[in-house]
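**Q** In my numbering, the protein residues as written are 2 to 219.
We treat Cβ as the ideally placed atom computed from N, Cα and C, and that holds for glycine.
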Ligand SMILES: C[S@@+](CC[C@H](N)C(=O)[O-])C[C@H]1O[C@@H](n2cnc3c(N)ncnc32)[C@H](O)[C@@H]1O
C-alpha cells in the first residue's frame, strides 16, 4: 500500500493509530545499526540511572540493561501507542523494576532535577521545533557532569528520504554540536559509522550513523 511521504513524516514524528505497528517495525529495522553504535558508545557504570527520550517500540532495552550491573533505565515517549508497544515488549524488565516507561513530552520531563547519569535519544532531535525547551529540560534532569548522547544520521543521509521534506529539522554534525554548545553542553566525543545499505523496497539508501556525547558542567 502506498503511503505519502508527508504521512510517513507525521508517523515518524509521532506514531499513532493503525499504522503505528508498521512504522515501529520499520524504525526498529532501519535504526538497529544506530542503536548498536549508541549502546556501544555509551560509558555506563554499574548502578547508573539512564533516561531515553523517544524510545519507539523499545526492542533494544534488554541490550541496554545488559551493559552493566544493576542499572536503572527510564524511558519517555509522547506517543501512547509507542509506550504501550514498548511495555508489551519489555514485560520482564519492568516486572524486575529495572525499566520504567512513561508517556510524555521531552519539553516537560516529569523527573526531579539531577536524576540521571546519562540521557540519550536516537532519531528524535529532528522533531524538536524549539530545541532550547528540550535541551533545557535535559540539563535540568542530568546530574552534574552527566552525559547527553544524541543519536542521529548525517544530514546527507537524511536527505535521501523523501519524507524529510515534511517537518524535519535536519542538522549537520557541526550544526548540532553548536546547538549543544550554545545550551551549555561541552562536546566530549563523536563517533560515526557507515551503516549497511538499507533497502525496504521503497527506499534504497546508504546511511551514516552518528553518536555525539556532550557533558553537563560538573
Ligand atoms: C523516528 S522515531 C525514533 C524511534 C527510536 N528512537 C528509533 O530510533 O528507532 C521518533 C520517536 O520519538 C518520539 N518523540 C518525538 N518527539 C518527542 C518528544 N518531544 N517527546 C517525547 N517523545 C518524542 C516519537 O513518538 C517516536 O517514538
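1. What distance in whole Å lies between the Cβ atoms of residue 38 and residue 194, which are believed to be in contact at a cut-off of 8 angstroms?
2. Identify, in the order they occur along the chain, each residue of the same chain with its Cβ nearer than 7 angstroms to the Cβ of residue 94, setting aside the five sequence neighbours on each side.
3. Can you have a look at residue 172 and say buried or exposed, based on whether 16 or more other CB atoms are within 10 angstroms of its CB?
4. Less than 8 angstroms separating the beta-carbons of residue 60 and residue 79?
5. Would you give the residue range spanned by the alpha helix (DSSP H) that residue 135 belongs to?
6. Starting from residue 8 and walking both ways along the alpha helix (DSSP H), at which residues does that stretch end?
7. Would you list the one or two residues that DSSP bridges to residue 191?
8. Under the three-state reduction of DSSP, which class applies to residue 150: helix, strand or coil?
9. CA-CA distance, residue 26 and residue 159?
10. Is residue 79 a contact residue of ligand 1, with contact defined as CB to any heavy atom under 7 angstroms?
**A** Let's see:
1. 5 angstroms
2. 62, 63, 66, 100
3. buried
4. no
5. 132 to 142
6. 6 to 14
7. 213
8. strand
9. 19 angstroms
10. yes
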